[in-house]
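Peer 1: Chains as they are written, first to last, in this note's numbering: chain A, 4 to 247; chain B, 8 to 709.
Every residue gets a Cβ at the ideal spot worked out from N, C-alpha and C, and that includes glycine.
Just passing along the structure, written as structure tokens.
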């Protein structure tokens, strides 16, 4: 029997980087799962939650919980940050609301970040992917420290054919995105971005792989502004490469 | 531009500060990792235990405070409670005034070498590091009352000379490099301009030595109070903490009411985590356990010990969802790990009105609004990417990102000052963000709670961005938008994912599935530290002491005097101080006297070597334990440049808890745990040996 998963594609991928969403679907389907996409999904509510606007965040969380309650399948999110929001943020939002807390926790229990699902749930570390070039890996903060996922994407990257892997210096340093932070404190955000770009250049790789679209568009935005011939790709785009 | 934003710009434009902060981040984080590797147990186990201890303490704080105060008073400490900063300052001023009246005419003092000239009749307070003193702005109050207060921690001394507040809770002069310190010392102390760190440290040592000897009051902080014993625990590396709690006739300790641990075993745990997290040391050089004033027949130690326990918003904070922040042991690890602190430095963390806070960095962005009100300091919590490096670094595992989020949500309340929010109830959400951002996010919420509105918003975004940037994939937004300051913005897709999905579905069906399923072991077990080879306590002690820069000589009771004599002769010392014969191996002092060595029992700053015994030693950390008492004063191991300690092999214990639980340790007015020679790294994190305490420690083991 084919397993069905519900894809929560995230508002950033949906609106800004749809090609990542397409890659996610292809990789998941080729891994043997059927991907359902609830059309009513929007945003998990993290921007408002991180800004401290909890009433707004609760509205969005309730909207999201309701939509994904319609089917009992695992929920796959190609973002460490949004996965962390659902795993931890939702419980924090509904601490004083037992009814919604239970619903939030039930959702959290079947929510998986994309690489976590592939490696830990499906037991796949080799997707037969092939990539000619040198890659490095930027562990996004919420994936690494918020959800505790690091060996899973690394395991997937290890098995990519022809790719030359370089470790990113000071790998665990934040890229300076931080959502509203990048707009509210642009000067500090810029300094952190420059340091990340320096580290990327020092790694010797020409493609940076990450699991979060926030970091991706932040670093890519900086690389583009500086006219650098490097790029950041979502891990799904890399895993998808060989299979074409 | 608000004051915080102005400070941010100032910090980023200061190359000296940036270089200093980069060096700090790199060195401190590395040192912490190295120190964690040598902890007696795996870090995570110790961290969770420490979390549990501190969490339970904060939950039952009233009960522990009551027990602690009762015990301290029983031990002879005069305990004062201060509800706020004003009361705390007044208590210090009252103690000072009382002292002036009692003393009447002050005896003439020997010629002073002070950086800050003072009226001969005024009181002198020698201070060791205390963040509570910064919090209550004590120095300004003392100055206004005509009392001279001199900071004796090297970093604090540097910033005091410069008229600055500290920029870090552990390393106050972290914002400076050796060049600035050299300039300051040249200007204020009149020494020739130098960038040599040992020379600068020596200059401070020389300037401050007389302060310790002259001071009427020694004022210190408290790192931990132990509820079961009433002990005050104070740690310093330089030895200034021992000086101010041993030499002046009156000692005042300032303590935040949350700084308690239930028992001595808990203290041992904290004493392992605090220095490893703060400075990357296995143990701080000097750990003082203070129980009471000078005992009968003792020649040193203050006659009076006061303890001021400060609330100043802590009780209020404890009732907010930020209460976990009270678990903090003030190690500064979160500051060193924070990528924002690394850009800003401590001075940039200012309130809405421009006033600074003594507590910068991640923990500061929680406790500053928590203690002093969110109206003034709430916006600091927005200066974080919530990256979580602070939580990872915290030795008591405070969930700092969670705390920062709660501050942003307006849960910090009004703090000690009881300032009512200007914004009114209900609109404190998104504290510190401008109206435009909050309005935008509100609009986004409205759009995101309906599929139709969301899809319409996506369409509008695609149309507008298509007009703004018809060709390029990135839009060049202007700098004022924030994003446009340093990066391009990806153009929203003409067809969002939800539309494209339908097309993809058709293609996918014909695709071949290439899958190699490799069931992987889903967990890689945490790397366990190999259990170090079993060593006899004596050889472990030797290894650890030597690593700290001390020397270790094994001898027999018969060869002891000759060994010590060789050392004294090599240095040309004919006159030394020593504990009384009753507290040293039999016949030792007579043997030395026979060889022409003159021996004083009352400590004197002129004498360059001091011979002491030791109650016990800790093998694991290379630590000597000494209790104060008649015939065995603390100053003998503190004032001279060279400390000679005689240790009996059968008093070397494996670990710290064993020594802390010795009856003599619990009962002595004051206990010093000494781990190698005195040291500092306050200038550019460069290790310098020999500050206020001895620069050499020689242990002779019989």
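For residue 763 (chain B), would you say it is in contact with chain A, using Cβ-to-Cβ distances shorter than 8 Å as the test?
Peer 2: This structure does not reach residue 763 (chain B), given that chain B is present from 8 up to 709, and the question cannot be answered.
Peer 1: Assign residue 63 (chain A) to one of three DSSP states: helix, strand, or coil.
Peer 2: If DSSP states are grouped into helix, strand and coil, residue 63 (chain A) belongs with the helices.
Peer 1: Taking DSSP as the reference, what is the three-state secondary structure of residue 155 (chain B)?
Peer 2: The answer is strand: DSSP assigns residue 155 (chain B) an E or B state.
Peer 1: Short of 7 Å Cβ to Cβ, which residues in the stretch 66 to 90 of chain A face chain B?
Peer 2: Hits within the stretch, in order: 66.
Peer 1: Taking only runs that begin and end inside the stretch 588 to 625 of chain B, name each unbroken alpha helix (DSSP H) of 4 or more residues, in chain order.
Peer 2: For the stretch 588 to 625 of chain B, whole alpha helix (DSSP H) runs of length 4 or above, ordered along the chain, are 595 to 601.
Peer 1: Since residue 671 (chain B) contacts residue 634 (chain B) with CB under 8 Å, what's their CB separation in whole angstroms?
Peer 2: About 5 Å; that satisfies the 8 Å criterion.
Peer 1: So, using beta-carbon positions, are residue 250 (chain B) and residue 329 (chain B) closer together than 8 Å?
Peer 2: Taking 8 Å as the Cβ cut-off, residue 250 (chain B) and residue 329 (chain B) do not qualify as a contacting pair.
Peer 1: So what's residue 6 (chain A) in DSSP terms, helix, strand or just coil?
Peer 2: Residue 6 (chain A): strand per DSSP, three-state reduction.
Peer 1: Quick check for students: name the residue ranges of the beta strand (DSSP E) that lie wholly in the stretch 151 to 215 of chain A, counting only runs of 3 or more.
Peer 2: As far as the stretch 151 to 215 of chain A is concerned, its whole beta strand (DSSP E) runs of at least 3 residues are 164 to 169, 210 to 213.
Peer 1: Can you list, in chain order, the residues of the stretch 27 to 47 of chain A whose Cβ is nearer than 7 Å to any Cβ on chain B?
Peer 2: From the stretch 27 to 47 of chain A, only 28, 29, 32, 33, 34, 35, 40, 42, 43, 45, 46 have a Cβ closer than 7 Å to chain B.
Peer 1: Beta-carbon of residue 7 (chain A) versus every beta-carbon of chain B: anything under 8 Å?
Peer 2: Not an interface residue.
Peer 1: Figure out for me which residue from A:71, A:75, A:14, A:46 has the closest Cα to the Cα of residue 63 (chain A).
Peer 2: Residue 63 (chain A) has its Cα closest to that of A:46, out of A:71, A:75, A:14, A:46.
Peer 1: May I ask you to report which of helix, strand or coil DSSP gives residue 47 (chain A)?
Peer 2: DSSP places residue 47 (chain A) in coil when its eight states are reduced to three.
Peer 1: Would you please verify whether the beta carbon of residue 669 (chain B) is less than 8 Å from any beta carbon of chain A?
Peer 2: Not closer than 8 Å to any Cβ of chain A, the Cβ of residue 669 (chain B) fails to qualify, so no.
Peer 1: Mind checking if residue 502 (chain B) is an interface residue toward chain A, Cβ cutoff 8 Å exclusive?
Peer 2: It does: the Cβ of residue 502 (chain B) has a partner Cβ on chain A nearer than 8 Å.
Peer 1: Exposed or buried, residue 483 (chain B), counting other C-beta atoms within 10 Å across all chains shown (16 or more means buried)?
Peer 2: By the neighbour-count rule (16 or more Cβ atoms within 10 Å), residue 483 (chain B) is not buried but exposed.
Peer 1: I'd like to know whether the C-beta of residue 220 (chain A) is nearer than 8 Å to at least one C-beta of chain B.
Peer 2: So, interface residue.
Peer 1: Would you say residue 477 (chain B) reaches chain A, if we count a Cβ-Cβ gap shorter than 8 Å as a contact?
Peer 2: Answer no: the Cβ-Cβ gap between residue 477 (chain B) and chain A never drops below 8 Å.
Peer 1: On the DSSP letters alone, give me the boundaries of the beta strand (DSSP E) that residue 630 (chain B) sits inside.
Peer 2: It spans 630 to 634 - the beta strand (DSSP E) in which residue 630 (chain B) sits, taken as one unbroken run.
Peer 1: So, is the C-beta of residue 20 (chain A) closer than 8 Å to a C-beta in chain B?
Peer 2: With 8 Å as the cut-off, residue 20 (chain A) counts as an interface residue toward chain B.
Peer 1: Under the DSSP definition of a beta bridge, which residues are partnered with residue 491 (chain B)?
Peer 2: Answer is none; residue 491 (chain B) lacks a bridge partner.
Peer 1: Counting pairs of Cβ atoms below 8 Å between the stretch 412 to 419 of chain B and the stretch 382 to 393 of chain B, do you hit three or more?
Peer 2: The stretch 412 to 419 of chain B, when compared against the stretch 382 to 393 of chain B, does touch it at the 8 Å Cβ threshold.
Peer 1: Any beta carbon from chain A within less than 8 Å of residue 19 (chain B)'s own beta carbon?
Peer 2: Chain A contact via Cβ: present.
Peer 1: Can you tell me which of the three DSSP states residue 87 (chain B) falls into?
Peer 2: Strand.
Peer 1: Could you tell me which of A:160, A:118, A:127, A:125 sits nearest to residue 138 (chain A), measuring between CA atoms?
Peer 2: Here the closest residue by C-alpha is A:160.
Peer 1: Enumerate in chain order the residues of its own chain whose CB-to-CB distance from residue 405 (chain B) is below 6 Å, with the five nearest sequence positions on each side excluded.
Peer 2: So the qualifying residues of the chain are 331, 334.
Peer 1: Can you say whether residue 490 (chain B) is buried or exposed, counting buried as having 16 or more other CB atoms within 10 angstroms of its CB?
Peer 2: Counting Cβ neighbours within 10 Å, residue 490 (chain B) comes out buried, since at least 16 surround it.
Peer 1: Can you tell me the Cα-Cα spacing of residue 643 (chain B) and residue 685 (chain B), whole angstroms?
Peer 2: Distance between the alpha carbons of residue 643 (chain B) and residue 685 (chain B): 14 Å.
Peer 1: Under DSSP, the alpha helix (DSSP H) around residue 372 (chain B) begins and ends at which residues?
Peer 2: 368 to 379 is the extent of the alpha helix (DSSP H) around residue 372 (chain B).
Peer 1: Give me the Cα-Cα distance between residue 163 (chain A) and residue 132 (chain A), rounded to the nearest whole angstrom.
Peer 2: One C-alpha to the other measures close to 5 Å.
Peer 1: Contact between the stretch 553 to 566 of chain B and the stretch 576 to 591 of chain B: three or more CB pairs below 8 Å?
Peer 2: No: fewer than three Cβ pairs fall under 8 Å.
Peer 1: Three Cβ pairs or more, each shorter than 8 Å: is that satisfied between the stretch 230 to 237 of chain A and the stretch 97 to 105 of chain A?
Peer 2: As far as the Cβ criterion goes, the stretch 230 to 237 of chain A does not touch the stretch 97 to 105 of chain A, which means the pair count is below three.
Peer 1: If you count every other CB in all the chains shown that lies within 10 Å of the CB of residue 494 (chain B), and 16 or more means buried, which is it?
Peer 2: It counts as buried.
Peer 1: Beta-carbon of residue 64 (chain B) versus every beta-carbon of chain A: anything under 8 Å?
Peer 2: No, no contact with chain A.
Peer 1: Excluding five sequence neighbours on each side, which residues of the same chain lie with their C-beta closer than 6 Å to the C-beta of residue 260 (chain B)?
Peer 2: 227, 229, 239, 314.
Peer 1: For the stretch 455 to 480 of chain B, list every residue whose C-beta sits within 7 Å of some C-beta in chain A, in sequence order.
Peer 2: Per Cβ criterion, the list reads 455, 456, 458, 461, 465, 468.
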